[in-house]
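Asker: In mature numbering (1 follows the signal peptide of the UniProt record, and there is no 0), the protein residues as written are -19 to -1, 1 to 324.
C-beta atoms are modelled at their ideal positions from N, C-alpha and C, and glycine is treated no differently.
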């Protein structure tokens, strides 16, 4: 009798766990990158429960996807990590028939170089990398990455505490591709950053936004989404994409290979692509650009016409999407370590 009771209890637990997984969607996303109202609305309309966790970098996400036993149903990596995840078989193709709202995405964003035909990814937000500067203190009009190397701005320059972004900026300034894997070009970029270092006030991540808004620094490399927010808070700030060219980024929904709730994942992605829901996310994550055409068309004119948030890509300098560089990760690490160690 005791064995029968134990067996029945085990069966009950297994059934309960399976039912729980079928009704739960595990989402892993960037911090402060989605509207809580949108998540609650999804739960209310679909009956699914969302378990929502956040990370700070693509590298943190990659570690979880490649080595963790945790199974997520939806993740939101950036372009170069999307490419790597596809190459390493960490994600699965997305059935677009289960994502009917995909049709509302701008056609120009549906065939990215890192995922031809958008077979594995669905765009969430996009933007550019450029320079923010204080027009009150800097009267001249800036248009080049050179401003971040200009001695007259010594102690007023911020750079990203990011080996990929900082090396990419230095590469582009020197006339090379941001995705260069040529050792000679990467070494030149590293030497350029070492030459720049005495001019730099600090190497920061998200904190650089407040430093510039408060007026403690006058120039910084910055992604457009953050730049738009900064300009809302400080009307003296300006943003431009340097004439040498820059980065076009895209963060997208993907479904990991080991997702436990495929139907729930598809429902979540489709829901977040619904124009009214996408608007909730745009309002929450102010500054970053929506890929949903109807959502964009419903935005206030001051946002739609803001060239930092929604530029005419045909009129911008050449833009590159970051490509996977994991095959030279050690080289990047060593070069950045030299920059950090330089006096």
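1) If you follow the alpha helix (DSSP H) that residue 180 is in, where does it begin and where does it stop?
2) Would you call the stretch 136 to 146 and the stretch 238 to 251 in contact, with 3 or more CB pairs under 8 Å?
3) Please confirm whether residue 111 and residue 295 have their CB atoms less than 8 Å apart.
4) Quick one: give me the first and last residue of the alpha helix (DSSP H) that residue 276 is part of.
5) Under 8 Å: do the stretch 85 to 95 and the stretch 188 to 207 share three or more Cβ pairs, one atom per stretch?
6) Helix, strand or coil: how does DSSP classify residue 328 here?
7) Considering only C-alpha positions, which residue in the set 264, 157, 120, 129 is nearest to residue 299?
8) Can you give me the Cβ contacts of residue 68 inside the same chain, cut-off strictly under 7 Å, excluding the 5 residues immediately before and after it?
9) In chain order, what residues of the same chain lie with their CB nearer than 7 Å to the CB of residue 77, ignoring the 5 residues before and after it?
10) Which residues does DSSP list as the beta-bridge partners of residue 32?
11) Pick helix, strand or coil for residue 58, following the three-state DSSP scheme.
12) Who are residue 184's beta bridge partners in DSSP?
13) Bridge partners of residue 63, per DSSP?
14) Using the Cβ count rule (16 or more neighbours within 10 Å means buried), how would you classify residue 247?
15) Residue 60: buried (16+ other C-beta within 10 angstroms of its C-beta) or exposed?
16) In whole angstroms, give me the CA-to-CA distance for residue 31 and residue 117.
17) Can you give me the start and stop residues for the beta strand (DSSP E) that residue 104 sits inside?
18) Taking only the alpha-carbon atoms, compute the straight-line gap between residue 113 and residue 263 and give it to the nearest angstrom.
19) When the distance is taken between beta carbons, is residue 14 closer than 8 Å to residue 266?
20) Flag this pair as touching only if the stretch 121 to 140 and the stretch 276 to 291 have three or more C-beta atom pairs under 8 Å; answer yes or no.
21) Quick one: is residue 121 buried, meaning 16 or more other Cβ sit within 10 Å of its Cβ, or exposed?
22) Restricting to Cα atoms, I'd like to know which of 133, 150, 81, 194 is closest to residue 115.
23) Please state the DSSP three-state secondary structure of residue 87.
24) Spatial neighbours of residue 26 within its chain, please: CB distance less than 7 Å, with the 5 preceding and 5 following residues excluded, ordered by chain position.
25) When you compare the CB positions of residue 57 and residue 233, do they come within less than 8 Å of one another, or not?
26) Would you mind working out which of 11, 29, 106, 39 sits nearest residue 260, comparing C-alpha positions?
27) Cβ atoms of residue 148 and residue 170: under 8 Å apart, would you say?
28) Terminal residues of the continuous beta strand (DSSP E) containing residue 385?
29) Might you give, ordered along the chain, the residues of its own chain that have their beta carbon closer than 7 Å to the beta carbon of residue 104, omitting 5 neighbours on each side?
30) In terms of alpha-carbon separation, which member of 301, 101, 275, 278 lies closest to residue 236?
31) Once the 5 residues before and after residue 66 are set aside, which same chain residues still bring their CB inside 6 Å of it?
32) In the DSSP output, what is residue 73 paired with across the bridge?
33) Would you identify the three-state DSSP class for residue 118, choosing helix, strand or coil?
34) What is the residue span of the beta strand (DSSP E) that residue 221 lies within?
Answerer: Put simply:
1) Run containing residue 180: none; DSSP gives neither H nor E here.
2) no
3) No, these two residues do not count as a Cβ contact at 8 Å.
4) Segment 274 to 278, the alpha helix (DSSP H) holding residue 276.
5) no
6) Here the chain covers residues -19 to 324 and nothing more, so residue 328 does not appear.
7) 157
8) Only 305 meet the Cβ criterion.
9) Residues 83 of the same chain have their beta carbon placed closer than 7 Å to that of residue 77, with the five preceding and five following residues left out of the count.
10) 7
11) In this structure, residue 58 counts as coil in the three-state DSSP scheme.
12) In DSSP, residue 184 forms a bridge with 140.
13) Answer is none; residue 63 lacks a bridge partner.
14) Buried, since its Cβ has 16 or more Cβ neighbours within 10 Å.
15) buried
16) 46 Å
17) 103 to 115
18) 21 Å
19) yes
20) With fewer than three CB-CB distances shorter than 8 Å, the stretch 121 to 140 does not count as touching the stretch 276 to 291.
21) Within a 10 Å sphere around the beta-carbon of residue 121 sit fewer than 16 other beta-carbons, which makes this residue exposed.
22) 194
23) coil
24) none
25) yes
26) The residue with the shortest Cα to Cα distance from residue 260 is 106.
27) yes
28) The requested residue 385 does not occur in the structure, where the chain is confined to residues -19 to 324.
29) 86, 90, 231, 233, 272
30) Residue 101 is the option with its Cα nearest to residue 236.
31) 72
32) 236
33) coil
34) 218 to 221
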